[in-house]
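Chains as they are written, first to last, in this note's numbering: chain A, 1494 to 1901; chain B, -13 to 192. C-beta atoms are modelled at their ideal positions from N, C-alpha and C, and glycine is treated no differently. As the structure is a prediction and not an experimental result, all values here were calculated from the model.
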């Protein structure tokens, strides 16, 4: 690392006050602190929190926690694609095909990651430069989340536009990283959903039927292929007692829903990979276990109520445990609802917030066939309510203490 | 004709520095509702301009004879009469636009800009100034409507005044109209953007 350090030190005068490229100093600072620990830290005077976990480390832990879901997502992209073209038949998976599927998914997903980072970081850097602030690392996680929550068939220019929109209107307008009301990655998805509904719903978009980088272009699809996600099938089902099936018509069980080899947004399908990420988040204390647990409790309870309510539609008839495993529920609960900026902050508020998000997600799934998946809307609504929940919790606390003080 | 400074201020002030929509934040509701396409927005802008100007004139003419206690009722009657007139004219000569605008023509009666101008200006100024004031405020409202509708129709439908402006080969190469632009939510964001730009330009006026 010495050589890298030397390069940075050599470049420092160019970007410092009076240097040739002083205009770009925030860019330089950003990379400098990204690579090395700053020399100066806050002095030990007054009340300051000294903690090894700065926001960069927090962010990078979330990114690490997302890696299992992303790797599985890559494999699933390729797997679904080759299932659709008939190259992989059910039960006939070999190691060669496994790696081929993974490579295909890698190539398909990579442009999304690159586009989301270039657009998002570009705006972030520009704004930091413009406002003479340091570059905030908030986009590190957002940029990683965006490719994982959009369908793999979304055109790249759309991803670029909605990323720009979300970063400007959901984050920078409110004051940048840490001040946003809504989860920026979810705003990206919500904007995509409302602006380009044809690319975000239906049974065509969640499986990559076209090739990538010219590989496997224009393949014919096998007979009986259906790219409908399980939740899509539930939403469009005429028969309330529908049996869910995967891309090539095999019935789905709870285990296959957990395993995640079915169409969906890239990162959301495999519950095991998400749980692995959840373990890391909980062990490092980055995400709150209260929020996470209460989302599952709220969703499970709501779905169970629908199960026994006797309402005769496919979503209400889907067992409550399936609801928790399908679609973006687990992904949203682990990575989105627990966002420390936009979720509730009071300990009691976290329970209420999580429960609200989980219950609302299932409510949307069961009552609105226009939105097969309610998790996105539920979390955004939860974000909206979080400050109110916190305020109420604090007020209740204050009132209780006042009462206690008045008795004496 | 050379305008005096005061007249100029009365007429041109509402266009930018004292714009009813983006500075006083009045009449937002109809600005969201009728701006999906440029044509209804234009018609709405013209209609509101005529009604504000004319009602200002009428109220300024009779302002000394209106009893203070019932002035709101009198203003409403004048505005309602003018709105009905405009509505009938639109139905007769531009039926399809009238259908597109539907209730929003009738709802001009409740447009805050109208009552605001009548109360704040026409009740205490002479006829000519009131006319200019109404004209300026109506145009200030119309300008914002047209800007919002321009972007909404261009990005939401790929057309302007009904003519397709985004070439067909864009669509063949995967371009898709932005459905969000058709929703009132996006109009609100666009109005917000206009306010943003306007305030960063006119910073020193604060």
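Distance CB(residue i)-CB(residue j) smaller than 9 Å
i: residue 38 of chain B; j: residue 27 of chain B; result: no
i: residue 1831 of chain A; j: residue 1784 of chain A; result: yes
i: residue 1723 of chain A; j: residue 1757 of chain A; result: yes
i: residue 140 of chain B; j: residue 130 of chain B; result: no
i: residue 1709 of chain A; j: residue 1578 of chain A; result: yes
i: residue 170 of chain B; j: residue 18 of chain B; result: yes
i: residue 1499 of chain A; j: residue 1762 of chain A; result: no
i: residue 1607 of chain A; j: residue 1520 of chain A; result: no
i: residue 1565 of chain A; j: residue 1609 of chain A; result: no
i: residue 1793 of chain A; j: residue 1725 of chain A; result: no
i: residue 41 of chain B; j: residue 126 of chain B; result: no
i: residue 1685 of chain A; j: residue 1643 of chain A; result: yes
i: residue 1837 of chain A; j: residue 1798 of chain A; result: no
i: residue 1978 of chain A; j: residue 1699 of chain A; result: Outside the shown range of chain A, which is 1494 to 1901, sits residue 1978 of chain A, and nothing can be said about it.
i: residue 1855 of chain A; j: residue 1842 of chain A; result: no
i: residue 1817 of chain A; j: residue 1789 of chain A; result: yes
i: residue 1753 of chain A; j: residue 1719 of chain A; result: no
i: residue 1640 of chain A; j: residue 1747 of chain A; result: no
i: residue 138 of chain B; j: residue 176 of chain B; result: yes
i: residue 1779 of chain A; j: residue 1551 of chain A; result: yes
Unbroken alpha helix (DSSP H) run spanning residue i, endpoints
i: residue 1810 of chain A; result: 1807 to 1810
i: residue 1552 of chain A; result: 1548 to 1578
i: residue 1816 of chain A; result: 1813 to 1818
i: residue 155 of chain B; result: 154 to 158
i: residue 93 of chain B; result: Per DSSP, residue 93 of chain B belongs to no alpha helix (DSSP H) and is neither H nor E.
i: residue 123 of chain B; result: 113 to 143
i: residue 1726 of chain A; result: 1723 to 1729
i: residue 106 of chain B; result: 98 to 106
i: residue 1682 of chain A; result: 1677 to 1688
i: residue 184 of chain B; result: 170 to 187
i: residue 1604 of chain A; result: 1588 to 1624
i: residue 61 of chain B; result: 57 to 79
i: residue 20 of chain B; result: Where residue 20 of chain B is concerned, there is no enclosing alpha helix (DSSP H), given that its DSSP letter is neither H nor E.
i: residue 1700 of chain A; result: Residue 1700 of chain A -> no alpha helix (DSSP H), and no H or E assigned at all.
i: residue 1634 of chain A; result: 1632 to 1642
i: residue 1627 of chain A; result: Segment: none, residue 1627 of chain A is in no alpha helix (DSSP H) and carries neither H nor E.
i: residue 1788 of chain A; result: 1782 to 1802
i: residue 1765 of chain A; result: 1764 to 1776
i: residue 1858 of chain A; result: 1840 to 1860
Partners in chain A for residue i, counting only beta-carbon separations shorter than 8 Å
i: residue 175 of chain B; result: 1662
Amino acids of chain B, ordered along the chain, whose beta-carbon sits closer than 8 Å to that of residue i
i: residue 1688 of chain A; result: 164, 165, 166 and 167
i: residue 1684 of chain A; result: 166
Nearest candidate by alpha-carbon position, reference residue i, set the options
i: residue 1781 of chain A; options: A/1738, A/1752 and A/1840; result: A/1840
i: residue 1631 of chain A; options: A/1659, A/1608 and A/1671; result: A/1671
i: residue 1732 of chain A; options: A/1648, A/1805, A/1638 and A/1812; result: A/1805
i: residue 1567 of chain A; options: A/1580, A/1737, A/1599 and A/1550; result: A/1599
i: residue 1559 of chain A; options: A/1868, A/1828 and A/1881; result: A/1828
i: residue 1902 of chain A; options: A/1875, A/1523 and A/1802; result: An answer regarding residue 1902 of chain A cannot be provided, because it is not within the stretch 1494 to 1901 covered by chain A.
i: residue 1869 of chain A; options: A/1743, A/1667 and A/1676; result: A/1676
i: residue 1727 of chain A; options: A/1718, A/1714 and A/1745; result: A/1745
i: residue 1791 of chain A; options: A/1842, A/1847 and A/1515; result: A/1847
i: residue 1571 of chain A; options: A/1816, A/1528, A/1704 and A/1628; result: A/1704
i: residue 183 of chain B; options: B/-9, B/-7, B/-3 and B/3; result: B/3
i: residue 1862 of chain A; options: A/1887, A/1742, A/1636 and A/1729; result: A/1729
i: residue 1872 of chain A; options: A/1898, A/1779, A/1682 and A/1772; result: A/1682
i: residue 46 of chain B; options: B/162, B/113 and B/165; result: B/113
i: residue 44 of chain B; options: B/24, B/60 and B/181; result: B/60
i: residue 1924 of chain A; options: A/1515, A/1536 and A/1497; result: Only positions 1494 to 1901 of chain A appear in this structure, which leaves residue 1924 of chain A out of reach.
Contact set between residue i and chain B, taken where Cβ atoms lie within less than 7 Å
i: residue 1648 of chain A; result: 160
i: residue 1783 of chain A; result: Neighbours of residue 1783 of chain A on chain B: none; closest Cβ ~32 Å, over 7 Å.
Within chain B, partners of residue i - CB distance below 9 Å
i: residue 1692 of chain A; result: 162
Chain D within 9 Å of residue i, Cβ atoms only
i: residue 1751 of chain A; result: Looking at the structure shown, chain D is missing, and the protein chains on hand are A and B.
Check: residue i C-beta below 8 Å from any heavy atom of the ligand FMN
i: residue 1662 of chain A; result: The ligand FMN is not among the ligands present in this structure, which contains no ligands whatsoever.
- Task: Note down, in chain order, all residues in the stretch 159 to 171 of chain B with a beta-carbon under 9 Å from any beta-carbon belonging to chain A.
- Result: Residues of the stretch 159 to 171 of chain B with a C-beta less than 9 Å from any C-beta of chain A: 160, 161, 162, 163, 164, 165, 166, 167, 169 and 171, listed in chain order.
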